[in-house]
């Protein structure tokens, strides 16, 4: 048996050393010894749809940093071994292509982890394709536009439109496509949404042809500097959230956008018809960005943005066993909280001498914890360092720790919930918290091994369980669910005569369920819709502004289908004034559509025009509704006005003074 195991290990290592073409490869045994403790192995087999092994297939990571790509090649039996850094919780996604590129597969990083011991079974299939047609607002073909296909927030395919405004994109058949986007300097930006409801994890089948319209562009410059006002070159800047008017949701676009030697980068293709502001995600390996710059369409003249980055701090230490011997390859997680909503979460592993190094964000209360299935240690909490500072001797001594585990079941038969998330949150003395996750296995079982401390445990969508862990051998917490926390709702929208209403927008909100996001979707030509939702009691609103019809319907947690009847609707108009009674343009106005005034309300949104006026059509002619006004130029709070709507009439509100 020992000889067989040795043969397999030697074969796998040979596969890796020959096949890894990355500049980040661990190419020599010496380098492997030095860095191997901070890395992990992904092993698996590549085969086609008939089960035949695929040799010579390229397996590579796909991540947010285009420079950090790790590759290997499968052998004649389809087997591969890929070494990747151990830092990330999920790691990167994997893109697999046959040697001639006609077969491919995409493994979303959220559906596998580098911790799994069983080999990956990867099935490559023929690539799919779609043709993207890009035009401007006048229908003129746009040549030279960049087309980007995005799946699981990763850019998987890029092309450029030809003289006929066409680009053909090929992509793995098993990937869940989020968006197909097109942009060109001076022309604008548009994106196809591959879903018919939001939020949802379901994705549609990509059509054979997609048409995108570039209907005008704006230019925004982002400058990145350090705390001494010096420019930072090679900082990655992404227009992280772009939401065009008329779209169900925003798009997350990725590209090789980095600052120049002067710390600047320009985006000359941002769309004019924005639904909301654009946030620019700014990152650099050596710095922390506590506040993302954003472009506010309410202030279109402010097109030169500046963001300040602060140099990371560093902690170092060693991890040893109880006898003082170094612990090799033990992973640590660090997490910080500070006066910013951009918090730190990072990972590292110990080297051959048990030492480790971890860069953390400055000015954030940080917890560092051992993450291991067999051993644990007391976490080090509330580390707070200035920019650029180094803290030495943050050491850990391993012990058996406490095993927190249990089983999550569902339904009358208590079937195991497979792939359900268990969340464990450790709390420090100040703002510091550290979050860990574990997904249930085929038996519905989850587990964490932890050191002493204060924790909260949340199983599926249950109430949090407070834990004060000392030296217990184990703590068992099971959870039984009456129903799965999320499910599919189908429905139809019809008028009082039963005629289907196509193009109706359907909004849903959970009643008495804090933290459960609602959804919005559109009906097809048959008045039908299908969406993923929380299995809560919900209030739904359907409306069509063109037909000026609207309706309200409640659904129970166990309902799987619904029929919403719409009728002639009302409209409301109003004006927003400032404290001096002058019109206040570019304010955001929220319309909360209420049914009997209880629970959360489906909400619509509009902006005031140059005269401070706003209007909503297709409002259900029943119940009490309200509008809330927010100005980002003076965001001191919301100004609210409630009104009754009992008939399908036009309602003129008294002027709203935003003070």
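In our numbering, the protein residues as written are 5 to 663.
The beta carbon of each residue, even a glycine, is placed where N, CA and C say it ideally should be.
In the DSSP assignment, find the unbroken beta strand (DSSP E) run with residue 375 in it and report its ends.
As a first step, residue 375 is located in the chain shown; it is residue number 371 there, counting from the start. Note, residue 375: beta strand (DSSP E), 369-375.
Taking its Cβ as the centre, do 16 or more other Cβ atoms sit within 10 Å of residue 642, making it buried, or is it exposed?
Translated into the one-based positions of the chain shown, residue 642 becomes position 638. Looking at its Cβ environment, which holds fewer than 16 other Cβ atoms inside 10 Å, residue 642 is exposed.
Mind checking residue 447: buried by the 16 CB within 10 Å criterion, or exposed?
Along the chain shown, one-based indexing puts residue 447 at 443. Exposed is the call here.
At what residue ranges does the region 278-347 contain a whole run of the alpha helix (DSSP H), taking only runs of 4 or more?
none
Sort out for me which residues DSSP pairs residue 617 with in a bridge.
Looking up residue 617 in the chain shown gives position 613. BP columns for residue 617 point to 579.
So for residue 113, helix, strand or coil by DSSP?
As a first step, residue 113 must be located in the chain shown, where it is residue number 109. Three-state DSSP puts residue 113 in a helix.
Within its chain, find whatever has a CB closer than 7 Å to the CB of residue 500; leave out the 5 residues flanking it on each side and keep chain order.
What you label residue 500 is simply residue 496 of the chain shown in a count that begins at 1. The residues are 569, 571.
Do residue 552 and residue 622 have their C-beta atoms closer together than 8 Å?
For the purposes of this step, residue 552 is identified with residue 548 of the chain shown, where counting begins at 1. For the purposes of this step, residue 622 is identified with residue 618 of the chain shown, where counting begins at 1. Taking 8 Å as the Cβ cut-off, residue 552 and residue 622 qualify as a contacting pair.
On the CB-based measure, 16 or more other CB atoms within 10 Å of its CB, does residue 243 come out buried or exposed?
In the chain shown, residue 243 corresponds to position 239, counting from 1. By the 10 Å Cβ count, residue 243 comes out buried.
Looking at C-beta atoms only, is the number of pairs between the region 230-240 and the region 158-168 that lie closer than 8 Å three or more?
no
Considering only residues of the same chain and omitting the five flanking positions on each side of residue 562, which have a CB-CB separation below 8 Å?
Numbered from 1 along the chain shown, position 558 holds the residue referred to as residue 562. Cβ within range, chain order: 487, 539.
For residue 416, which of 350, 480, 484 has the nearest alpha-carbon?
Indexing the chain shown from 1 puts residue 416 at position 412. Looking at the Cα atoms, 484 is the closest of the given residues.
Helix, strand or coil: how does DSSP classify residue 415 here?
Within the chain shown, residue 415 is the residue found at index 411, counting from 1. Note: residue 415 maps to coil in three-state DSSP.
Note down, in chain order, each residue of its chain lying with its Cβ closer than 6 Å to the Cβ of residue 530, except the 5 sequence neighbours on either side.
Along the chain shown, read from residue 1 onward, the residue named residue 530 stands at position 526. Excluding positions up to five away in sequence, the list reads 504.
Output the residue ranges of the beta strand (DSSP E) runs that lie fully inside the region 455-490 and measure 3 residues or longer, sorted by chain position.
457-463, 469-473, 478-480, 483-485
To the nearest angstrom, report how far apart residue 567 and residue 497 are at their CA atoms.
Along the chain shown, read from residue 1 onward, the residue named residue 567 stands at position 563. Along the chain shown, read from residue 1 onward, the residue named residue 497 stands at position 493. Roughly 6 Å separates the two Cα atoms.
Note the first and the last residue of the continuous beta strand (DSSP E) segment covering residue 264.
The sequence position of residue 264 within the chain shown is 260, counting from 1. No beta strand (DSSP E) holds residue 264; DSSP gives it neither H nor E.
In its own chain, which residues sit with a C-beta less than 8 Å from the C-beta of residue 564, not counting the 5 before and 5 after it?
Residue 564 sits at position 560 when you count from the first residue of the chain shown. Cβ neighbours of residue 564 beyond the five flanking positions: 491, 492, 493, 494.
Between which two residues does the beta strand (DSSP E) holding residue 629 run?
Looking up residue 629 in the chain shown gives position 625. Boundaries of the beta strand (DSSP E) harbouring residue 629: 628-634, taken from the DSSP string.
So which of 286, 290, 195, 327 has the shortest CA-CA distance to residue 249?
Residue 249 sits at position 245 when you count from the first residue of the chain shown. Ranking 286, 290, 195, 327 by Cα distance to residue 249 puts 195 first.
Throw me the rounded Cβ distance for the residue 456 and residue 475 pair, which I believe falls under 8 Å.
On the chain shown, position 452 is the one that residue 456 refers to. On the chain shown, position 471 is the one that residue 475 refers to. Contact between residue 456 and residue 475 holds: CB atoms are separated by about 7 Å, below the 8 Å threshold.
Using 10 angstroms around the beta-carbon of residue 62, count the other beta-carbons present and answer buried if the total reaches 16, otherwise exposed.
By 1-based counting over the chain shown, the position of residue 62 is 58. Here residue 62 is buried: its Cβ has 16 or more other Cβ atoms, across all protein chains shown, within 10 Å.
CA-CA distance, residue 357 and residue 316?
Walking along the chain shown from the start, residue 357 turns up at place 353. Walking along the chain shown from the start, residue 316 turns up at place 312. Taking the straight line from one Cα to the other gives about 24 Å.
Note down the Cα distance separating residue 197 from residue 479, rounded to an integer number of angstroms.
Position 193 of the chain shown, counted from the first residue, corresponds to residue 197. Position 475 of the chain shown, counted from the first residue, corresponds to residue 479. Their backbone Cα atoms lie some 45 Å apart in a straight line.
Work out the CA separation of residue 360 and residue 74 for me, nearest whole Å.
As a working mapping, residue 74 is identified with position 70 in the chain shown. As a working mapping, residue 360 is identified with position 356 in the chain shown. Looking at the two C-alpha atoms, the distance is approximately 22 Å.
Quick one: complete beta strand (DSSP E) runs, 3+ long, within the region 382-432?
384-387, 406-414, 425-431
Look at the Cβ atom of residue 454, then the Cβ atom of residue 473, and state whether they are nearer than 8 Å.
For the purposes of this step, residue 454 is identified with residue 450 of the chain shown, where counting begins at 1. For the purposes of this step, residue 473 is identified with residue 469 of the chain shown, where counting begins at 1. Yes, the Cβ-Cβ distance between residue 454 and residue 473 is below 8 Å.
Report yes if the C-beta distance between residue 99 and residue 45 is below 8 Å; otherwise report no.
For this step, residue 99 is matched to residue 95 along the chain shown. For this step, residue 45 is matched to residue 41 along the chain shown. No, the pair does not count as a contact, with Cβ atoms beyond the cut-off.
Would the beta-carbon of residue 587 fall within 8 Å of that of residue 581?
Reading the chain shown from its first residue, position 583 is the one you call residue 587. Reading the chain shown from its first residue, position 577 is the one you call residue 581. Yes, these two residues count as a Cβ contact at 8 Å.
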